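Participant:
Residue numbers (mature numbering (1 follows the signal peptide of the UniProt record, and there is no 0)): -27 to -1, 1 to 456.
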């Protein structure tokens, strides 16, 4: 995965121009020290160059956020967080940055000089704050505007240093299958017809909002980014991406939409902010090779979709399955070093495809013809018999059927356990447990270990009764858990 960059904390305390600052004696500022393993952190060990900003409360503990300061002035981007995990001790994220102790915090320019410096910056003034820029060793005013701009003005000279555009996203629209034509028609006899626009396929199109796009005019946003595609990247200054499936850009829209909606669902469950899972702009390549296959490459942190048979990104369940691998790699870097752990990964990817179809606004329940448990039934029409399912999450496979040489087949043992948990707890509560539990998986986890961690997580999040339901679902798959 890409290394996670530190989160810049929005400082709530504003140092207005013309207001005197209390300046304590200079304090040494240590360099960035990275993550510190679990340790007891209290007033005796807390560094002195911090100012408490706020205390956040999550599902499993509290999180105290501090602003780094230098001689009483906030350091831009410098932070320190103490995570108090209920019953599991404390952990520290040290995001402080090295500051030259010779930074002069006196001799500031008048307010009029700052106003002149930002006169050409778009928008009206919203906030201004005196900050230390650690990299350059300068004192500056940070000026925020209502046009999404953040300007930095040298506090001694009144010269504009730089302007950042912090507008992160916009909203667009486009056309996709959601989730697929087989499900839409509730009929197994739907054919790909080699990318042609048949009447039955046109009927399955759905207009959707493409949320969180940036302003580049391409399919690049907060949670997804199409960076390479057959035929060139889709572009629209108006952010309108309406193509028919014979157009190679149709799959680009589907891939963006699938990844973005999956991450949005994770965020809605509470996995947001520092608790986010793969909360980054996922790199995507679309229709870039001819095989009937798609994959997630952990070395490049990239999802790639092929064009064999049905173009894979046509089917949102394929998109969601591959995104499942990216999610798991974000939670457990390097996940999947053994056959059992890789099979668990395939089972989870299938389950995420199922869970997202279940969550989709376009689907209000399923018939026996196209049940949720039938995975990727559009992509598979080119090489399976009806009912068209690449795999199923409702088989009666157990560990007695486990085949170490077929991780996709064996993954159905785990996807069935997860589907049973979903049915026992309800979708959202089940998914909360399933995603949270994966933080506790090892790279080489086993079915037994994964089952134990999932049961333990259910107990901590939802209580003993829920944990017992999870335990029953796991035991039915012949997984010899001890929790």
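Backbone N, C-alpha and C define an ideal beta-carbon position, used for all residues, glycine too.
Note that this is a predicted model, so its numbers are computed, not measured.
1. What does the alpha-carbon distance come out to for the pair residue 168 and residue 301?
2. Helix, strand or coil for residue 382? Go by DSSP, reduced to three states.
3. Taking a contact to mean a Cβ-Cβ separation below 8 Å, would you say residue 238 touches residue 298 in this structure?
4. Since residue 332 is in the alpha helix (DSSP H), which residue starts that stretch and which ends it?
5. Any idea if residue 95 is buried or exposed, counting beta-carbon neighbours within 10 angstroms, 16 or more meaning buried?
6. Applying the criterion that 16 or more other CB atoms from any shown protein chain within 10 Å of the CB defines a buried residue, is residue 6 buried or exposed?
7. Starting from the Cα of residue 176, find the closest Cα among 313, 86, 451, 151 and give me that residue.
8. How is the beta strand (DSSP E) around residue 224 delimited, first residue to last?
9. Mind checking residue 233: buried by the 16 CB within 10 Å criterion, or exposed?
10. Mind checking who residue 29 pairs with in its DSSP beta bridge?
11. Look up residue 127 in the DSSP assignment and give the residues it is bridged to.
12. Residue 203 and residue 266 - do their beta-carbons sit closer together than 8 Å?
13. Indicate the three-state DSSP secondary structure (helix, strand or coil) for residue 73 in the structure shown.
14. Taking C-beta to C-beta, are residue 408 and residue 305 nearer than 8 Å?
15. Return the residue from the list 441, 186, 222 that minimises the CA-CA distance to residue 201.
16. Contact defined as beta carbons within less than 8 Å: I believe residue 217 pairs with residue 251. What is the distance between those atoms, to the nearest angstrom?
17. If you draw a straight line from the alpha carbon of residue -3 to that of residue 77, how long is it in whole angstroms?
18. For residue 347, which beta-bridge partners are listed by DSSP?
19. Which same chain residues end up closer than 6 Å to residue 208 when comparing Cβ atoms and leaving out the 5 residues on each side of it in sequence?
20. Here's the rule: buried if 16 or more other CB atoms are within 10 angstroms of the residue's CB, otherwise exposed. What is residue 25?
21. For residue 114, count neighbouring C-beta atoms within 10 Å of its own C-beta (all shown protein chains included) and say buried if the count is 16 or more, exposed if not.
22. Could you check if residue 388 is buried or exposed, using at least 16 other CB atoms within 10 Å of its CB as the buried criterion?
23. Pick helix, strand or coil for residue 147, following the three-state DSSP scheme.
24. Is DSSP giving residue -3 helix, strand or coil here?
25. Between residue 194 and residue 109, how many whole angstroms is the CB-CB distance? I'm expecting something under 8 Å.
26. Can the beta-carbon of residue 105 be found closer than 8 Å to that of residue 56?
27. Do residue 70 and residue 46 have their C-beta atoms within less than 8 Å of each other?
28. What's the gap between the Cα of residue 11 and the Cα of residue 280?
29. Between residue 82 and residue 129, is the Cβ-Cβ spacing less than 8 Å?
30. In the DSSP output, what is residue 43 paired with across the bridge?
31. Applying the 10 Å Cβ sphere with the 16-neighbour rule, what's the burial state of residue 361?
32. Exposed or buried, which one is residue 18 when buried takes at least 16 other CB atoms within 10 Å?
33. Residues in the same chain with beta-carbon distance under 6 Å from residue 27, minus the five sequence neighbours each way, listed in chain order, please.
34. Below 8 Å between beta carbons: does that hold for residue 294 and residue 317?
35. Tell whether a beta-carbon distance below 8 Å holds between residue 406 and residue 419.
36. Should residue 103 be labelled buried (16 or more other beta-carbon atoms within 10 Å of its own) or exposed?
Facilitator: Answer, in terms of the structure:
1. Reading the chain shown from its first residue, position 195 is the one you call residue 168. Reading the chain shown from its first residue, position 328 is the one you call residue 301. Roughly 32 Å between the two C-alpha positions.
2. Taking the first residue of the chain shown as position 1, residue 382 is located at position 409. It is helical.
3. Along the chain shown, read from residue 1 onward, the residue named residue 238 stands at position 265. Along the chain shown, read from residue 1 onward, the residue named residue 298 stands at position 325. The answer is no: Cβ separation not under 8 Å.
4. Counted from its first residue, the chain shown places residue 332 at position 359. Taken as a continuous stretch (DSSP letters only), the alpha helix (DSSP H) holding residue 332 covers 312 to 332.
5. Position 122 of the chain shown, counted from the first residue, corresponds to residue 95. So residue 95 ends up on the exposed side.
6. For the purposes of this step, residue 6 is taken as the residue at position 33 of the chain shown. Reliability fails at residue 6, whose pLDDT of 35 lies under 50, so the model's placement of it is uncertain and the value that follows must be treated cautiously. Answer is exposed; the Cβ neighbour count stays below 16.
7. Here residue 176 is taken as the residue at index 203 of the chain shown, counted from 1. The residue with the shortest Cα to Cα distance from residue 176 is 151.
8. For the purposes of this step, residue 224 is taken as the residue at position 251 of the chain shown. Here residue 224 belongs to no beta strand (DSSP E); instead the alpha helix (DSSP H) covers 222 to 241.
9. Start at 1 with the first residue of the chain shown, and residue 233 comes out as number 260. Buried: at least 16 other Cβ atoms inside 10 Å.
10. Indexing the chain shown from 1 puts residue 29 at position 56. The partner list for residue 29 (beta bridge, DSSP) reads 36.
11. Along the chain shown, one-based indexing puts residue 127 at 154. Answer is 113.
12. In the chain shown, counting from the first residue as 1, residue 266 sits at position 293. In the chain shown, counting from the first residue as 1, residue 203 sits at position 230. Taking 8 Å as the Cβ cut-off, residue 266 and residue 203 do not qualify as a contacting pair.
13. Here residue 73 refers to the residue found at position 100 of the chain shown. Here residue 73 sits in coil by DSSP.
14. The count along the chain shown starts at 1 and reaches residue 408 at position 435. The count along the chain shown starts at 1 and reaches residue 305 at position 332. No.
15. The residue given as residue 201 occupies position 228 in the chain shown. Residue 222 is the option with its Cα nearest to residue 201.
16. To locate residue 217, count along the chain shown from 1; it is residue 244. To locate residue 251, count along the chain shown from 1; it is residue 278. Not a contact, Cβ separation roughly 31 Å.
17. On the chain shown, position 25 is the one that residue -3 refers to. On the chain shown, position 104 is the one that residue 77 refers to. In this prediction, residue -3 has a pLDDT of 35, which is less than 50 and means its spatial position is unreliable; nothing more can be read from the coordinates.
18. If you number the chain shown from 1, residue 347 lands on position 374. Answer by DSSP bridge pairing, in chain order: 365.
19. The residue labelled residue 208 in the question sits at position 235 within the chain shown. Correct list, in chain order: 190, 191.
20. Walking along the chain shown from the start, residue 25 turns up at place 52. With fewer than 16 other Cβ atoms within 10 Å, it is exposed.
21. Position 141 of the chain shown, counted from the start, is the residue given in the question as residue 114. Classification for residue 114: buried.
22. Within the chain shown, numbered from 1, the residue matching residue 388 stands at position 415. Buried, since its Cβ has 16 or more Cβ neighbours within 10 Å.
23. Taking the chain shown and counting its residues from 1, one reaches residue 147 at position 174. Correct three-state label for residue 147: strand.
24. Numbered from 1 along the chain shown, position 25 holds the residue referred to as residue -3. Because residue -3 sits at a pLDDT of 35, beneath the cut-off of 50, its placement in the model cannot be relied upon, and the point is left open.
25. Start at 1 with the first residue of the chain shown, and residue 194 comes out as number 221. Start at 1 with the first residue of the chain shown, and residue 109 comes out as number 136. Contact doesn't hold; Cβ gap of about 31 Å is too wide.
26. As a first step, residue 105 is located in the chain shown; it is residue number 132 there, counting from the start. As a first step, residue 56 is located in the chain shown; it is residue number 83 there, counting from the start. Cβ distance not < 8 Å, so residue 105 and residue 56 don't count as in contact.
27. The count along the chain shown starts at 1 and reaches residue 70 at position 97. The count along the chain shown starts at 1 and reaches residue 46 at position 73. Not in contact: residue 70 and residue 46 (Cβ atoms no closer than 8 Å).
28. What you label residue 11 is simply residue 38 of the chain shown in a count that begins at 1. What you label residue 280 is simply residue 307 of the chain shown in a count that begins at 1. Interpretation of residue 11 is limited by its pLDDT of 35, a score under 50 that renders its predicted location unreliable; the figure taken from the coordinates is listed afterwards. Cα to Cα, the separation comes out at about 47 Å.
29. Taking the first residue of the chain shown as position 1, residue 82 is located at position 109. Taking the first residue of the chain shown as position 1, residue 129 is located at position 156. It is a contact, given that the beta carbons lie within the stated cut-off.
30. Indexing the chain shown from 1 puts residue 43 at position 70. According to DSSP, which records beta bridges pairwise, residue 43 is partnered with 46.
31. Stepping through the chain shown from its first residue, residue 361 is reached at position 388. The residue is buried, with at least 16 neighbouring Cβ atoms inside 10 Å.
32. Your numbering for residue 18 matches position 45 in the chain shown. Under this definition residue 18 is an exposed residue.
33. Within the chain shown, numbered from 1, the residue matching residue 27 stands at position 54. Same-chain partners within the cutoff: 38.
34. Sequence index remark: in the chain shown, residue 294 carries index 321 (1-based). Sequence index remark: in the chain shown, residue 317 carries index 344 (1-based). No, the Cβ-Cβ distance between residue 294 and residue 317 is not below 8 Å.
35. Taking the chain shown and counting its residues from 1, one reaches residue 406 at position 433. Taking the chain shown and counting its residues from 1, one reaches residue 419 at position 446. Not a contact, by the Cβ cut-off of 8 Å.
36. The residue given as residue 103 occupies position 130 in the chain shown. The residue is buried, with at least 16 neighbouring Cβ atoms inside 10 Å.
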